Amino acid sequence: MTQMSIITDVNRCVGCLACSVACKAVNNVPIGNYWNKVVRVGPNPIPGGSGDFPDVYMYFLPISCQHCENPECVKVCPTEASHIAEDGTVQVDKEKCIGCQFCAMSCPYGVRYLNEEEKVVEKCTLCEQKLNQGELPQCVSQCGGNARWVGDMEQGLDSFVGSFDSAGEQRKMVEFIEPFSDSDMHKLPDVGNKPSFSYILRDHHWEGGDE
Amino acid sequence: EDTYSVVSGNDTVEVKSCCRGCGKMECGVKVIVQNGRAIRIEGDEGAFQSMGNCCTKSQSSVQAAYHPDRLHYPMKRTNPKGEEPGWQRISWDEAMQTIVDNFLEIKAKHGGEAIACQVGTSRIWCMHSESILKNMLETPNNVEAWQICKGPRHFATTMVSQFAMSWMETITRPRVYVQWGGASELSNYDDSCRTTVDVASRADIHISCDPRMANMGKEADYWQHLRPGTDGALALAWTNVIIEKKLYDDLYVKKWTNAPFLVCEDIEPSGFPTVRTDGSYWDVQTILLKESDIVEGGSPYKFLVYDNNWEKLKDEGVEHQYGAFTWFNADQEGNIDDTGGFWEGENYDSEKAREGREASQDHLLPGQTQGWLPDPMPFDPAIDPALEGEFEIELKDGKTVKVKPVWEYYKARAAEYDLATAEEITGIPASEIEAAATAYGDRLDPSSGYGNGGIQYMLAVEHGCNAIQNCRAFDNLVGITGNMDTPGGNRGPTIVPIDGDLQGFSAWAPGASTPPAEVNEKQIGAKKFPLLSWWQYWCDSHSLWTAVLTNDPYPVRALWNESGNFMSQSNSTTAWEALLSLDFFVDLNLWHTPQNDTADIILPVAHWIELNSPRASQGSAGAMGATVKCVQPPAEAKYDPEIVMDLAKRMNWQWTSEPGNEWPDINWQLDDSIKLLTDDELTYTTWHVENGVPTFERHGVPMDEVTPKYKTWDEYVAAFQEHGWWQAKDIEPRNWGTYRRYQTGAMRARDRVWARLDYTAGKGIGDWKPGWFTPTMKQEIWSTVMETHHPENRDWWLPSWVEPPHGPKDGDRIKEYPLTATTGRRIPVYFHSEHRQLPWCRELWPVPRVEINPKTAAEYGIEQGDWVWIETEWGKIREVADLYYGVKEDVINLEHTWWYPEVKDAGHGWQFSQVNQLIDHDAQDPHSGTSNLRAYQVKIYKATPDNSPYGNPVPCDSNGTPIIHTSDDPRLKEWLPTYEGRE
Amino acid sequence: MEAQWPLIIFTLFVCLTCGIFGAMSILTLKGQGRQLQFTSLISATVSLAIGGFGAFLHLEHWERIFNGFGHITSGITQELIGCVALAVIIVAWFVVLRGGKEIPKALAWITLAVAVLMLVATGHSYLMPARPAWGIALIVFYVANACLLGAVAMWLISIMKKDEASEGSSIQFALVGSVVQLAAMAVYTIACSMTKFADFGFYADPTSMTTAPTHVDSLLAIMVSGDGALMFWCSIACAVVALVCAIAAKKKVGASKPYMIIAVIVAIASSILFRVLFYQLGFAMVLLY
Ligand SMILES: Nc1nc2c(c(=O)[nH]1)N[C@H]1C(S)=C(S)[C@@H](COP(=O)(O)OP(=O)(O)OC[C@H]3O[C@@H](n4cnc5c(=O)[nH]c(N)nc54)[C@H](O)[C@@H]3O)O[C@H]1N2
Ligand SMILES: Nc1nc2c(c(=O)[nH]1)N[C@H]1C(S)=C(S)[C@@H](COP(=O)(O)OP(=O)(O)OC[C@H]3O[C@@H](n4cnc5c(=O)[nH]c(N)nc54)[C@H](O)[C@@H]3O)O[C@H]1N2
Ligand code: SF4
Ligand code: SF4
Ligand code: SF4
Ligand code: SF4
Ligand code: SF4
Ligand SMILES: [Mo]
């Protein structure tokens, strides 16, 4: 089994938006639509603080399709256009899609939309065209904070890799980023879809609940 | 000039290049060219200085280069100024001839000074206006973004230590990382986002000094959330903590600053001639005690200090000429004797000064050179210049007077900002100030022999009318904590033989130099700001626009603008009126902009993927590379330097002094620009001083005899493609590759092309003597430049701070204008006024935002997404509310330089949201004239149909059509690339 | 979420179709309504066609509709199958009626079952954990709504056909239908009051800075006193009026036409309004994007 996915080190994410543009640069995403948005969460008062400035914290949350293990969007798709590919990613076969948009309604994160020109639904593909060539997703390779890492969840955290260093070696997530514990690993709220993407946030309150 | 595709014979290539999507960083990028068309830009992982960073602006550059609205042809206006210009295409010949005719006419009528030049920030190939045009047109009047950006830091550091010591070697990863008034994770200011995030993440301690919670600041261990504009007070409070806790570097302070020099209140200021940036001379006048003050015929260069060790030394047989007092000789040009740069009876040897070890910073990138770290040299003989106390000394007139070391004054100044006072001024709890200052000052690894790292003091500290004094406070603070030119410390500008940055491409033209003194004397604003005549780089922009409007002090009727933007400094409304009233204005640009709506002629220029330029990191990253031409410019667009050379030729102004080659082409310039890169040993000088008697030896191959490593630009570029970015530490081991250059002499070693920027452009240039480039050859805590130019204002002689002029303490203004505005936090997808018409950028940030604390917003009935009016007595604008708990309740943050390319009216809607309409045209830093861009009081209220033109809170053009304010606006799609009309 | 009119039309007419079939089947089982059957069949057929057409409007590539049978777990596939099943039923009824025969009780039972299953399938399509407002209560609502719509439709047809026995039964159905509808609305309200949304506090989406971010603290509040209140209360009021009409008409069999007209109008109105409300409340669990 393979479950390709992306882990974002949220402490390293600075909301530079490079990933949003990177995605556009390789995926022909229409203007006004996004496969990857970076949302600012907060600043919110920190738990146990005064409830006011300066006791606040914020973080940036790059949100794209979470390539769920139990994807609702696939369950509701009448045509099997939305399907789980061999590498565990969730893909849309645009040839099959009838544009009913039920998948878009069924996604808890709102990451799917109807492409107005092609009249089919689309979303982040995890850059399957690049992954298949052994390349990195563009939002990983161009990430401003080196916050984004791609790997196979089934193979564990050791498999997660990111951009290359100045000697031409590929960076490995666990060696590169600051230490973190299991309790620092978070998911977007799960309604049974089991998102495969993870977010690492150390020392701060993860909003939105974990489950 | 061919594209790299043509040169390499490959139509589909990945071209290593140096980005200029912003120009604040030299990010290594790869331009991916397919069938001769640039299709994508990505980070170059091999570029150690930027770590493979490639931001939104760089990636969007392909949308800029192929934008349907790019200027393709020279044009002239057909409608009166103030109206939509009615641009009409003309030939290059007609355009250039019109320019020459108008310039000559205006010059004949009013003199060269009636023509002003304007240049923006960091378009390095546009800096001719500074380096060439002024000379060619015989004008001292030059509006530069530098005046509000980095210029004050360069100005202040040139005064007290060395040009641009504000630059910090972040990439060697300080243990304590201080981001002060900057957020390079978004601005990529001198260090890329990637580097910033990496450094901040790995630092033992990360300190953010920022009134806002900044994007990386969110992770800081200490957040010094000061009130905007109170940076100087906080810096002095830190200084106070560091002095009180004795966390300063005693040896450095005594040996390399003028802290032990003695202040004598009872003497008339006196001094000596010394050279300023352009090579002309001025007279230092100081009350620091010199030999000439105590003995008739004594040297005015010999500064006295009190030696705590004099008795012990005497016992050992070392006796000072003046008993307990000994001296340091600052006679850097050897006017009186040749002991300049050394102490009385000193023993020194350049090679010994280099003894030390390889630096050993943690977390460097693979292959990143550490650099050589000389051990600090103790005094020899072992004098101990007194920092504290009061001493009696007999003056030459026989009077006995009391003198005190500069340090005592500095200490007293810092003590004015004790913790309680600092808390009151800055709003940060005293305990937090103390903790942060201690964390910075207390060495985490005392065995390293240097401090925890430099201070990355950035833009914000320049915008509250304390620009120069704030920067001095930082420069000194970095110095006394032992972080000058040390690993992770403040190191100044990268030194490499190939550089396009500091002076702009065309500064390589041998004909270029600053205009003669009689021209410079006429510089507008120099009367109001006396130090401008010492600094000599920019005329005061405020005074210039006022002069255009009033003919005072004399008429200014024409303007050449090459990449500048009137909205960036001084009051925009005043500047706009001045532009409208000019007789003749020519603008070089890639776009129609608000400013060139007032031009008579506009000339189309090339985009960075369409040109070649030598590049080196401007800051301390120490990288050398190139911007490489990947595609041809569209239609008739030309490379900026080409246009300036054309102008020079048409004006019969000689470009070079080489017979037969007076007007070389770009290829010649490019080939010329790489000639100093060589395998030969570059020149240097070693000094040997025995008992105060110096001898020297020169080494290396003189400049005009070196064998260039690459014969042509194309060869250099080919090598660059192969090798990638070069490390200055490898190329210049004796200079950039070595730390503590004030000790080795390399700090004064700029004996090559950059001479012009050095403080000592006279005989002392490149003398390789230890010390700094200041009149006292020490890092000056007591600034002799300030003292001389402002003899009446003693407060300024040391670092000082005052309330920003229109801040909360400005009389009763706070009643009407209750909120303190700061401005200019960088928008990741825009570079100032640039990129508003690039779809990938605009869709991610469609409207300007005002950040406001949710509690304050609630008070005003403002919700996220509402348009808000922001007003002062000087103007009012609208921006969109962003509820942001990261600012205090009485502070708001505004975005700057907004305009709307979709608006076709004259000015393209700059009037709607451009923030510098709100500022007082007369509020300026008293030294550099820098505009008051932050820390002033404003009032706000919700924009409603009732209080907005066209009954629409959204800004509308003259037809009532709203600006693009949502990312799904179909007009954005009209801006997608077009590939027509290029060749 | 914005009201999806094609889907509103589809579900409305599916409920109507199933309601008619249901009412017909019950009458048939009761041995009533013989002369109504053909008209009802035609009405149900037309209603299904309109609904189907509505659904097609929602598809961007309706020419690929046959792909739609591709995935049995999908609500749409189930609906498609349901439509086919209903079509088969229609044909069966048609054949029987054309042969002049009585509708066999078995067919009536099957019809009833298919109608209920179709309603469940329709509701199931919207059973998305991602949208807390669209839970099981929606299935309950569709079934209830079919009862009401079927009842008033039958009431109309029986008056048209002047079949007083059926008219009486239909009024009875309408009474039950409106009570059931009100009950389903109550169930739905209770279900909504138990929903939870992910709360991120303050947040900002860079691409839509000119709109205030959505926060859903309580769906109930939105329904009862917020943006949904108009739809909610009007829809309930309509259902109550339908109930009042049915009660009042009980003693007026043979002369219930004015009540019937009002009942038909308010039943349709209530159904549409509540559907619009579904969309108004159809927030995603995570509202950041
Ligand atoms: N994307 C993008 N990048 C840019 C630019 C751009 O326009 N867009 N411009 C470039 C240029 S020319 C420059 S000069 C640099 C500037 O880049 P930086 O030096 O990083 O400066 P800013 O982003 O203006 O401000 C940084 C921080 O200063 C804080 N600040 C505001 N007022 C004060 C104050 O009074 N005191 C202190 N201590 N902090 C304050 C703000 O909250 C903000 O977080 O960015 C460069 N990079
Ligand atoms: N309120 C407030 N105001 C600020 C600031 C702030 O923080 N707050 N920041 C200030 C700072 S730090 C700076 S540096 C200034 C920036 O000030 P400027 O550099 O004056 O402003 P830009 O908006 O960058 O405008 C540059 C112009 O040059 C054009 N251009 C770009 N590339 C080229 C080229 O290669 N050739 C030619 N000929 N033209 C080119 C662009 O299209 C644009 O019209 O703004 C300042 N203004
Ligand atoms: S995130 Fe949404 S679209 Fe992506 S797999 Fe999960 S449910 Fe489907
Ligand atoms: S829109 Fe396309 S992908 Fe989505 S559910 Fe319908 S058919 Fe499947
Ligand atoms: S993985 Fe690829 S498709 Fe997905 S968001 Fe990143 S760049 Fe876009
Ligand atoms: S590029 Fe990386 S650091 Fe920048 S916003 Fe995206 S995830 Fe965050
Ligand atoms: S930060 Fe500046 S130099 Fe670096 S990639 Fe972005 S635009 Fe280019
Ligand atoms: Mo700047």
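Protein chains in written order, with the working numbering: chain A, 51 to 261; chain B, 190 to 1172; chain C, 174 to 462. For glycine and all other residues, C-beta sits at the position ideal for the given N, C-alpha and C. Being a predicted model, the structure only gives us computed values, none of them experimental.
| Asked | Found |
| --- | --- |
| Whole-angstrom distance between B:Ser206 and B:Glu1173, CA atom to CA atom | The structure shown does not extend to residue 1173 of chain B, since chain B spans only 190 to 1172, so no value can be given for it. |
| Near-chain B residues of the segment 354 to 382 of chain C (beta-carbon distance less than 8 Å), N- to C-terminal order | Phe375, Ala377, Pro379, Thr380, Ser381 and Met382 |
| Cβ-heavy atom distance, A:Asn243 to ligand 3, below 7 Å | yes |
| Secondary structure of B:Val942, DSSP reduced to three states | With a pLDDT of 43 at B:Val942, under the threshold of 50, the predicted position of this residue should be treated as unreliable, though the coordinate-derived value follows. Helix. |
| Closer than 6 Å: residues whose CB approaches a heavy atom of ligand 5 | A:Ala72, A:Cys73, A:Asn77, A:Trp85, A:Asn86, A:Ser114, A:Cys174, A:Thr175, A:Leu176, A:Cys177, A:Pro187, A:Gln188 and A:Cys189 |
| Spatial neighbours of A:Val241 in its chain, beta-carbon cut-off 6 Å, leaving aside the 5 residues before and after | Pro158 |
| Limits of the unbroken alpha helix (DSSP H) element including B:Asp420 | Asp420 to Glu433 |
| Boundaries (first-last residue) of the alpha helix (DSSP H) holding B:Glu621 | Ala619 to Gly630 |
| Interface residues of the segment 146 to 174 of chain A facing chain C [CB-CB below 8 Å] | Lys146, Cys147, Ile148, Gly149, Cys150, Gln151, Phe152, Met155, Ser156, Cys157, Pro158, Tyr159, Gly160, Val161, Leu164, Lys169 and Val170 |
| Where the alpha helix (DSSP H) containing C:Ala317 begins and where it ends | Ala310 to Met333 |
| Cβ contact (3+ pairs, closer than 8 Å) linking the segment 619 to 627 of chain B and the segment 338 to 352 of chain B | no |
| C:Thr212 - containing alpha helix (DSSP H), residue span | Gln210 to His231 |
| Where B:Ser469 sits in the DSSP three-state scheme | coil |
| B:Ala609 burial status per 10 Å Cβ neighbour count (16 or more: buried) | exposed |
| Nearest-angstrom beta carbon gap, B:Ser809 and C:Ser381 [assumed within contact, 8 Å] | That belief does not hold up - the Cβ atoms of C:Ser381 and B:Ser809 are roughly 40 Å apart, past 8 Å. |
| Residues in the segment 63 to 75 of chain A having any Cβ partner in chain B nearer than 7 Å | Val64, Gly65, Cys66, Leu67, Ala68, Ser70, Val71, Ala72, Lys74 and Ala75 |
| Pick from C:Lys425, C:Phe375 and C:Val437 that is closest to A:Val91, judged by C-alpha positions | C:Phe375 |
| Proximal residues to C:Gly243 (C-beta, below 8 Å), its chain only, five neighbours per side dropped | Thr250 |
| 8 Å Cβ cutoff, B:His1154 in contact with chain C | yes |
| Residues whose Cβ lies closer than 5 Å to any heavy atom of ligand 8, in chain order | B:Thr310 and B:Cys338 |
| is_contact[B:Glu1032, chain C] using C-beta, thresh 8 Å | yes |
| Where A:Asp215 meets chain B, residues with beta-carbon distance less than 7 Å | Glu234, Leu554 and Pro555 |
| Separation of C:Glu252 from C:Phe194, as counted between CA atoms | 16 Å |
| Residues of the segment 236 to 253 of chain C with Cβ closer than 8 Å to any Cβ of chain A, in chain order | Arg237, Ile238, Asn240, Gly241, Phe242, Gly243, His244, Thr246, Ser247, Gly248, Ile249, Thr250 and Leu253 |
| Secondary structure of A:Gln205, DSSP reduced to three states | helix |
| Short Cβ contact (8 Å threshold) for B:Arg383 with A:Gly195 | yes |
| Alpha-carbon spacing of C:Ile445 relative to A:Met155, whole angstroms | 20 Å |
| Closest Cα partner of B:Trp356 within the set B:Ser481, B:Asn672 and B:Asp1094 | B:Asn672 |
| Secondary structure of B:Thr1155, DSSP reduced to three states | coil |
| C:Leu202 in three-state terms, based on DSSP | helix |
| Cβ pair B:Glu215, B:Ala812 closer than 8 Å | yes |
| Selected residue, minimal CA-CA separation from B:Gly820, among B:Val251, B:Gly370 and B:Asp482 | Here residue 820 of chain B is Val; the residue named in the question, Gly, does not match the sequence. Answer by Cα proximity: B:Val251. |
| 8 Å Cβ cutoff met for B:Ala604 and B:Asn447 | no |
| Contact check, C:Thr284 vs C:Ser198, beta carbons under 8 Å | yes |
| Heavy atom of ligand 3 within 7 Å of A:Gln141 beta-carbon | no |
| Straight-line gap, C:Met425 to C:Ala324 (C-alpha atoms, nearest Å) | For clarity, residue 425 of chain C is Lys in the given sequence; the question names Met instead. Between C:Lys425 and C:Ala324, the C-alpha separation is close to 16 Å. |
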